[in-house]
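Trainee: Mind having a look at this structure? Questions to follow.
Numbering (the working numbering), first residue to last: 3 to 168.
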């Protein structure tokens with residue numbers, strides 16, 4: 003009987019710990035990106051669509067990208083309270099893997115990769131910035147820099163516009 007009472011006493015504490023979710027104040031910093039989006043280039047051409055959702059008790063933001071071409075991919079984004087950083091793991095149907103880390107400040111999320119050995123330069127890194135624009139759109143700017151922080155090229159500039167609800 004004592005065992006049963008002890009088990010019953012620990013069940014509520016254990017279940018509360020499991021259902022807590024990610025309730026850090028920073029967990030909502032990337033919420034401006036959540037939604038269903040049409041994505042355009044700077045000339046106004048549709049380049050793809052993206053569905054961004056919170057998953058797993060609000061601990062993960064999952065991106066589901068489909069380009070107007072053949073590219074499809076997903077990313078998993080999360081806030082790490084141990085070092086107060088945002089992190090992204092990107093995977094796509096072309097075999098690309100991108101690991102990014104950074105922070106949110108001034109209405110923008112800025113994430114960078116570690117240095118990667120290059121062919122034209124010794125090392126480079128990727129930097130992706132998401133800007134929460136006042137008009138409700140989101141700009142995503144993906145730039146590549148060398149190890150001395152010199153700009154090399156812009157890999158992508160997308161303007162996210164919310165899909166119209168039917």
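Built from N, CA and C at the ideal position, the CB exists for glycine as well.
1) In the DSSP assignment, find the beta strand (DSSP E) that holds residue 148 and state where it starts and stops.
2) Under the three-state reduction of DSSP, which class applies to residue 28: helix, strand or coil?
3) Given a threshold of 16 other Cβ atoms within 10 Å of its Cβ, counted over all protein chains shown, does residue 138 qualify as buried or as exposed?
4) Restricting to runs no shorter than 3 residues, where is the beta strand (DSSP E) found entirely within the stretch 77 to 112?
5) Please go through the same chain and pick out, in chain order, the residues whose beta-carbon is closer than 8 Å to the beta-carbon of residue 73, but skip the five residues on each side of it.
6) Taking C-alpha atoms, which residue in 130, 76, 117 and 91 lies nearest to residue 53?
7) Give the C-beta separation of residue 70 and residue 48 to the nearest angstrom, bearing in mind that I take them to be a contact with Cβ-Cβ under 8 Å.
8) DSSP on residue 33, reduced to helix/strand/coil?
9) Nearest-angstrom Cα distance between residue 113 and residue 142?
10) At the level of alpha carbons, what is the spacing between residue 91 and residue 99?
Mentor: Inspection of the coordinates gives the following:
1) 140 to 148
2) helix
3) exposed
4) 87 to 94 and 99 to 107
5) 50, 67, 94, 95 and 96
6) 76
7) 6 Å
8) helix
9) 11 Å
10) 7 Å
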